[in-house]
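Colleague:
2 protein chains.
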Amino acid sequence: MSLQGYQRWLDTCNSGLKVQHLYHQLRIGSTPCGFIQPWLFQRLRRDFPSIFQVEQGDEQIESLALSDKLDTADKRSSALAGVLQELREDGALTGWRSESYPLLTSFHAEPLALVERAAAVHLGIKAYGVHVNGYVRGPSGIELWVATRSKNKPTWPGRLDHIVAGGQPHGLSPQENVIKECEEEASIPRELAQLAVPAGAVSYCSEQAEGLKRDVLFCYDLELPQDFVPEPQDGEVESFQRLPLKEVADTVARTDEFKDNCNLVIISFLVRHGFLKPELPGYLGIVSGLLSGDCS
Amino acid sequence: MSLQGYQRWLDTCNSGLKVQHLYHQLRIGSTPCGFIQPWLFQRLRRDFPSIFQVEQGDEQIESLALSDKLDTADKRSSALAGVLQELREDGALTGWRSESYPLLTSFHAEPLALVERAAAVHLGIKAYGVHVNGYVRGPSGIELWVATRSKNKPTWPGRLDHIVAGGQPHGLSPQENVIKECEEEASIPRELAQLAVPAGAVSYCSEQAEGLKRDVLFCYDLELPQDFVPEPQDGEVESFQRLPLKEVADTVARTDEFKDNCNLVIISFLVRHGFLKPELPGYLGIVSGLLSGDCS
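Which chain is which? The protein sequence lines are A and B, in order.
Every letter in the first sequence is one number past the one before it in the UniProt record's numbering, and letter 32, counting from 1, is 32.
Every letter in the second sequence is one number past the one before it in the UniProt record's numbering, and letter 219, counting from 1, is 219.
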């Protein structure tokens, strides 16, 4: 057994680490909080001089700082909302979701602003999510519930996914979010959902067309009863299937069927439950690679 | 609940990260593989010029490289054995254990040499170990078996320890090592020991009087039957006790009773089993901090 098929996902999901230094830092005061592509940097400095100021950055790439006059989270949120709305009207920002993400330097810090979720990657800000490995312990070992995403979903249509996963919106705790998403995505009742066990996190930094996706995903393990069957509820999931862990592991290692970041959370499950063993060359690279992104 | 009491152990066990740049690199060829304190650097360059050569290092601190003439692992092992023997006779190297540790740049790499275990910290080379959280799932939750180290042990006498833990010697796989140590330290039979589940690793770099302790510990979880009672066998353990996980957690958070590195492996257990929750400020610092050392 080789770990190469797993390592591939760590590399894919951390493509941004190699190019991060080519991006312009976004700062609030002296605090770096995001990364911006050159075209957007030029656009923002040119069109919004009262909101952004250019500063000398590290490694000779200029930084973009929010104006010092925007000295509260509310003022920053409102200024950024105006900017993003203009970008949206131009078509430079697509996939608008009308959902607020907090602009954070670390998870428990006070939000520096709230911004539309669709702009998180453009601004290269940190984003958080919850992913649930829903599993059953059967006589022949662990089986994992796997979702197939609806073919109509704008992102990752038709790809395999966790039974439940979701971005972490402002104002909800991770556990509350797990319970909400369990209900919405798989009709898992609250009494069951609240048994989900937080089991750590994975972090990564991937480069996408729009910018850097800098995510921390809280990993939950939810043991489900043998007779429980999840049901799609909100139209985001086409179907659910229950697969032996070995088959899920092979799918991760050998195919691109799972949505990219799900692979990391499944690998975390495989590590924590002893499916991957220290005897395998590359084991420690997998263990540490699951936290390649800024995990704070 | 605050995570400060846990974070303290991450800081303690990673005291070496802040001072590492003040050490002289030890190199074999162009490969950095250890760190040496200034007194030892001066001693080795002066007394063993045919074995070590001084090279320009990073950050203006000279490096010490093994002579190019020592072009096989056997030659390097033999040369280093002679050097360490002289240091031992001087009293500069104490705690000789007559146990070979491989000099590795990563766990699955070919050993560059074998060296006496007692010199691992003096040379600042990476060392590996296995730690086993032996637990019981009872009606009132998880209980952990905890050892009290013998008062006669040269290292950490009288401190609390895992039910089973040990350094990873050359020529044994981590699982074989777990099985061997289970038998030797706690009289756990092979049939039971081989059920230990590998669940990841912790890594750290602590500064000790003798140098840098750069360890990677493979973490195992071993669920034990309700009626199993471990028994001290090799005189290294004074007694065993079974404690509710909450009590163990409090002991980690509030006292110095556990041997330093055991705290990290217990914290890993607390994270993986959902005893620590993402809602607690500092959670992600704990999760990522468990891999602060070079985990390869």
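C-beta atoms are modelled at their ideal positions from N, C-alpha and C, and glycine is treated no differently.
Can you tell me which of B:222, B:176, B:9, B:187 puts its alpha carbon nearest to the alpha carbon of residue 195 (chain B)?
Modeller: Taking the first residue of the second sequence as position 1, residue 195 (chain B) is located at position 195. Measuring from the Cα of residue 195 (chain B), the nearest candidate turns out to be B:222.
Colleague: Out of A:86, A:287, A:230, point me to the one whose CA is closest to residue 273 (chain A)'s CA.
Modeller: As a first step, residue 273 (chain A) must be located in the first sequence, where it is residue number 273. Checking every option, the nearest Cα to that of residue 273 (chain A) belongs to A:287.
Colleague: Exposed or buried, what is residue 9 (chain B) when buried is set at 16 or more other beta-carbons lying within 10 Å of its beta-carbon?
Modeller: Within the second sequence, the letter at position 9 stands for residue 9 (chain B). Burial call: buried.
Colleague: Could you tell me the alpha carbon to alpha carbon distance between residue 106 (chain B) and residue 296 (chain B), rounded to whole angstroms?
Modeller: On the second sequence, residue 106 (chain B) is found 106 positions in, with the first residue counted as 1. On the second sequence, residue 296 (chain B) is found 296 positions in, with the first residue counted as 1. Roughly 5 Å separates the two Cα atoms.
Colleague: Residue 248 (chain B) to residue 104 (chain B), Cα distance in whole Å?
Modeller: The residue given as residue 248 (chain B) occupies position 248 in the second sequence. The residue given as residue 104 (chain B) occupies position 104 in the second sequence. Straight-line Cα distance between these residues: approximately 34 Å.
Colleague: Grouping DSSP H, G and I as helix and E and B as strand, with all else coil, what is residue 19 (chain A)?
Modeller: As a first step, residue 19 (chain A) must be located in the first sequence, where it is residue number 19. Residue state, collapsed to three classes: coil.
Colleague: Less than 7 Å between CB atoms is the rule here; does residue 240 (chain B) satisfy it with respect to chain A?
Modeller: Here residue 240 (chain B) is taken as the residue at index 240 of the second sequence, counted from 1. No, residue 240 (chain B) does not count as interfacial toward chain A.
Colleague: Can you find a CB in chain B that lies within less than 7 Å of the CB of residue 205 (chain A)?
Modeller: As a first step, residue 205 (chain A) must be located in the first sequence, where it is residue number 205. Not one chain B Cβ lies under 7 Å of residue 205 (chain A).
Colleague: What three-state label does DSSP hand residue 48 (chain A) in the structure shown?
Modeller: Along the first sequence, read from residue 1 onward, the residue named residue 48 (chain A) stands at position 48. Of the three classes helix, strand and coil, the one that applies to residue 48 (chain A) here is coil, per DSSP.
Colleague: Residue 100 (chain A) and residue 202 (chain A) - do their beta-carbons sit closer together than 7 Å?
Modeller: Numbered from its first residue, the first sequence carries residue 202 (chain A) at position 202. Numbered from its first residue, the first sequence carries residue 100 (chain A) at position 100. No, they are not a contact pair.
Colleague: Report the option in B:125, B:89, B:220, B:230 whose CA atom is closest to the CA atom of residue 133 (chain B).
Modeller: The residue given as residue 133 (chain B) occupies position 133 in the second sequence. Ranking the options by Cα distance to residue 133 (chain B), first place goes to B:220.
Colleague: To the nearest whole angstrom, what separates the beta carbons of residue 22 (chain A) and residue 34 (chain A), a pair I think is in contact under 8 Å?
Modeller: Working through the first sequence from its first residue, we reach residue 22 (chain A) at position 22. Working through the first sequence from its first residue, we reach residue 34 (chain A) at position 34. Residue 22 (chain A) to residue 34 (chain A), Cβ: 14 Å. No contact.
Colleague: Write down the C-beta distance between residue 262 (chain A) and residue 160 (chain A) rounded to the nearest angstrom, noting that I regard them as a contact closer than 8 Å.
Modeller: For this step, residue 262 (chain A) is matched to residue 262 along the first sequence. For this step, residue 160 (chain A) is matched to residue 160 along the first sequence. 7 Å between Cβ atoms; contact.
Colleague: Just to make sure I have the definition right: I need the residues of chain A whose C-beta is within less than 7 Å of the C-beta of residue 111 (chain B). Which are they?
Modeller: As a working mapping, residue 111 (chain B) is identified with position 111 in the second sequence. Going along chain A, no residue has its Cβ under 7 Å from residue 111 (chain B), so there is no contact; the nearest lies around 14 Å.
Colleague: Starting from residue 86 (chain B), trace the beta strand (DSSP E) in both directions and tell me its first and last residue.
Modeller: Reading the second sequence from its first residue, position 86 is the one you call residue 86 (chain B). Element bounds for residue 86 (chain B): not the beta strand (DSSP E) but the alpha helix (DSSP H), 73-90.
Colleague: Indicate the three-state DSSP secondary structure (helix, strand or coil) for residue 229 (chain B) in the structure shown.
Modeller: Here residue 229 (chain B) corresponds to residue number 229 of the second sequence, with the count starting at 1. Note: residue 229 (chain B) maps to coil in three-state DSSP.
Colleague: Hey, how far is the Cα of residue 53 (chain B) from the Cα of residue 84 (chain B)?
Modeller: For the purposes of this step, residue 53 (chain B) is taken as residue 53 along the second sequence, with counting starting at 1. For the purposes of this step, residue 84 (chain B) is taken as residue 84 along the second sequence, with counting starting at 1. Distance between the alpha carbons of residue 53 (chain B) and residue 84 (chain B): 17 Å.
Colleague: Within 10 angstroms of its Cβ, does residue 216 (chain A) collect 16 or more other Cβ (buried), or is it exposed?
Modeller: To locate residue 216 (chain A), count along the first sequence from 1; it is residue 216. Its Cβ being crowded by 16 or more others within 10 Å, residue 216 (chain A) is buried.
Colleague: Can you list, in chain order, the residues of its chain with a C-beta nearer than 8 Å to that of residue 239 (chain B)? Leave out the 5 residues immediately preceding and following it.
Modeller: Residue mapping note: residue 239 (chain B) aligns to position 239 of the second sequence, counting from 1. Result list for residue 239 (chain B): 147, 148, 232, in chain order.
Colleague: On the criterion of 16 or more Cβ atoms from any shown chain inside 10 Å, does residue 145 (chain B) qualify as buried, or is it exposed?
Modeller: Indexing the second sequence from 1 puts residue 145 (chain B) at position 145. Residue 145 (chain B) comes out buried.
Colleague: Using the DSSP secondary-structure output, state which residues sit across from residue 28 (chain B) in a beta bridge.
Modeller: Here residue 28 (chain B) is taken as the residue at index 28 of the second sequence, counted from 1. Answer is B:31, bridged to residue 28 (chain B).
Colleague: Using a Cβ cut-off of 8 Å, pull out every chain B residue sitting near residue 175 (chain A), in sequence order please.
Modeller: Numbered from its first residue, the first sequence carries residue 175 (chain A) at position 175. By Cβ distance, chain B contributes 277, 278, 279.
Colleague: Can you list, in chain order, the residues of its chain with a C-beta nearer than 6 Å to that of residue 28 (chain B)? Leave out the 5 residues immediately preceding and following it.
Modeller: For the purposes of this step, residue 28 (chain B) is identified with residue 28 of the second sequence, where counting begins at 1. Answer for residue 28 (chain B): 66, 112, listed in chain order.
Colleague: Could you give the distance in angstroms between the alpha-carbon of residue 115 (chain B) and the alpha-carbon of residue 151 (chain B)?
Modeller: In the second sequence, counting from the first residue as 1, residue 115 (chain B) sits at position 115. In the second sequence, counting from the first residue as 1, residue 151 (chain B) sits at position 151. Going from the Cα of residue 115 (chain B) to the Cα of residue 151 (chain B) covers about 28 Å.
Colleague: Just grab the DSSP bridge partners of residue 286 (chain A) for me.
Modeller: Counting from one through the first sequence, the residue named residue 286 (chain A) turns up at place 286. Its beta-bridge partners do not exist; DSSP assigns none.
Colleague: On the criterion of 16 or more Cβ atoms from any shown chain inside 10 Å, does residue 289 (chain A) qualify as buried, or is it exposed?
Modeller: Position 289 of the first sequence, counted from the first residue, corresponds to residue 289 (chain A). Result: buried.
Colleague: What does the alpha-carbon distance come out to for the pair residue 244 (chain B) and residue 140 (chain B)?
Modeller: Locating residue 244 (chain B) in the second sequence gives position 244, counting from the first residue. Locating residue 140 (chain B) in the second sequence gives position 140, counting from the first residue. Approximately 8 Å between the Cα atoms of the pair.
Colleague: Got a sec: which bits of the region 281-294 of chain B sit with their beta carbon under 8 Å from any beta carbon on chain A, in order along the chain?
Modeller: Listed in sequence order: 281, 282, 283, 284, 285, 287, 288, 291.
Colleague: Could you list which residues in chain B have their beta carbon closer than 7 Å to that of residue 225 (chain A), in chain order?
Modeller: Stepping through the first sequence from its first residue, residue 225 (chain A) is reached at position 225. None at all; the shortest Cβ gap to chain B is about 18 Å.
Colleague: Please compile the residues from chain A whose C-beta is within a distance smaller than 7 Å of the C-beta of residue 265 (chain B).
Modeller: Numbered from its first residue, the second sequence carries residue 265 (chain B) at position 265. Chain A residues near residue 265 (chain B): none, gap ~14 Å exceeds 7 Å.
Colleague: Could you tell me how far apart the beta carbons of residue 276 (chain B) and residue 283 (chain B) are, in whole angstroms, since I believe they sit closer than 8 Å?
Modeller: In the second sequence, counting from the first residue as 1, residue 276 (chain B) sits at position 276. In the second sequence, counting from the first residue as 1, residue 283 (chain B) sits at position 283. That belief holds up - the Cβ atoms of residue 276 (chain B) and residue 283 (chain B) are roughly 6 Å apart, short of 8 Å.
Colleague: Can you give the Cα-Cα distance for residue 5 (chain A) and residue 120 (chain A), rounded to whole angstroms?
Modeller: The residue labelled residue 5 (chain A) in the question sits at position 5 within the first sequence. The residue labelled residue 120 (chain A) in the question sits at position 120 within the first sequence. C-alpha separation (whole angstroms): 29 Å.
Colleague: Taking 7 Å as the limit between beta carbons, can you name the residues of its chain near residue 43 (chain B), skipping five residues before and five after?
Modeller: As a working mapping, residue 43 (chain B) is identified with position 43 in the second sequence. Counting only Cβ-Cβ distances below 7 Å, and skipping sequence neighbours, we find nothing.
Colleague: Establish whether the CB of residue 41 (chain B) and some CB of chain A are separated by less than 7 Å.
Modeller: Translated into positions along the second sequence, residue 41 (chain B) becomes position 41. No, no contact with chain A.
Colleague: The beta strand (DSSP E) with residue 241 (chain B) in it runs from where to where?
Modeller: Mapped onto the second sequence, residue 241 (chain B) falls at position 241. Unbroken beta strand (DSSP E) run through residue 241 (chain B): 237-244.
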